[in-house]
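Below you can see the structure in the form of structure tokens.
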């Protein structure tokens, strides 16, 4: 039985003991007065009642002893004559009168306990297997990457936490840059999630030493939940949403509601979410990257460029991916060759 049904029963039930008249308590002074007492007794009782009213203005309990069950009569300054006084019977307090005010059904039920929603990835690993190139890039080029980290932290401080990392040409190290920036952001005190959005050439999980059978494409199709696809590294404190297969068929699922739901859940549970957009000028990946920007509502983007290629980027970026150009925070020169 639900709480609402129980509340309705309590609201409308009547105590049988209180509702049924008690034969022992039906005695009344008027009934007893039908047998007229002697005139002297009546006069004596009346005088005693008047004296009691003058001496004690507060109400008091006068008890009559009789073979009948005992009951009490309230007397006071405004008491009626004994012949017409009604006995005040002590009974159990009854239910309060039913209110005619209309109330919604929800007010009769106990409020439900607030359940705090927590996103917890099902899969966990001790740590990712970072490549030698990534480790050297973080160790030797930290100073060169610090402006990009500062730009991401500043964007997060104003609520722009969904950021894409794209490249204009292949070989610029977009995937490596995503992984390295994630490590530096964790060192800066941010909780970070990285998403493989390179449907033309997925490889973020492989770059971190993982072989996955379930990926973002399965979340987009509704086959698995987001928590079942995300992999959390305990040692690195980074969450990864990989792509297992990719391809045009998987990219077509970005039109479903699951794409925006993925972005919303990750935005809520992580300080910064980095999307690997791949090569935005690629004929296959370019349209997919623009679709990710629109469906996931990315707040900003960084462009990975090869060494010495930063000067000619803005105009090319505007032509290749105008959606990316409008949210671009800057261009990051990849230092892989120097490292």
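Residue numbers (the numbering used here): -12 to 326.
Heads up, the beta-carbon is just placed ideally off N, CA and C, and yes, glycines get one too.
- Per DSSP, the beta-bridge partners of residue 262 are 151, 182.
- Using a Cβ distance threshold of 9 Å, residue 133 and residue 188 do not count as a contacting pair.
- Scanning its chain for C-beta atoms nearer than 6 Å, with the 5 sequence neighbours on each side dropped, one finds around residue 183 the residues 189, 191, 229, 230, 263, in chain order.
- Looking at the DSSP output, residue 218 bridges to 110, 227.
- Taken atom to atom, the span from the alpha-carbon of residue 161 to that of residue 131 is near 16 Å.
- If the five residues before and after residue 159 are omitted, its C-beta is found closer than 7 Å to the C-beta atoms of 291, 292, 293, 321, all from its own chain and listed in chain order.
- Residue pairing by DSSP puts residue 320 in a beta bridge opposite 292.
- Three or more Cβ pairs drawn from the stretch 112 to 119 and the stretch 218 to 228 lie within less than 8 Å of each other, which places the two stretches in contact.
- Taking 9 Å as the cut-off, the beta carbon of residue 283 is found closer than this to the beta carbon of residue 149.
- Per DSSP, reduced to three states, the secondary structure at residue 283 is coil, with no helix or strand assignment.
- Sequence-distant Cβ neighbours of residue 241 in its own chain, meaning closer than 6 Å and more than five residues away, are 278, 282.
- The stretch 166 to 175 makes no contact with the stretch 210 to 217, as fewer than three CB pairs between them are under 8 Å.
- For residue 244, the enclosing alpha helix (DSSP H) starts and ends at 244 to 256.
- Annotation for residue 163: the continuous alpha helix (DSSP H) segment containing it runs 161 to 174.
- A Cβ-Cβ separation of about 7 Å places residue 186 in contact with residue 234 under the 8 Å criterion.
- At a Cβ-Cβ threshold of 9 Å, residue 181 and residue 124 do not count as neighbours.
- Residue burial is scored here from C-beta neighbours: residue 193 has fewer than 16 other C-beta atoms within 10 angstroms and is therefore classed as exposed.
- If you draw a 10 Å sphere on the C-beta of residue 269, you find 16 or more other C-beta atoms in it, and that means buried.
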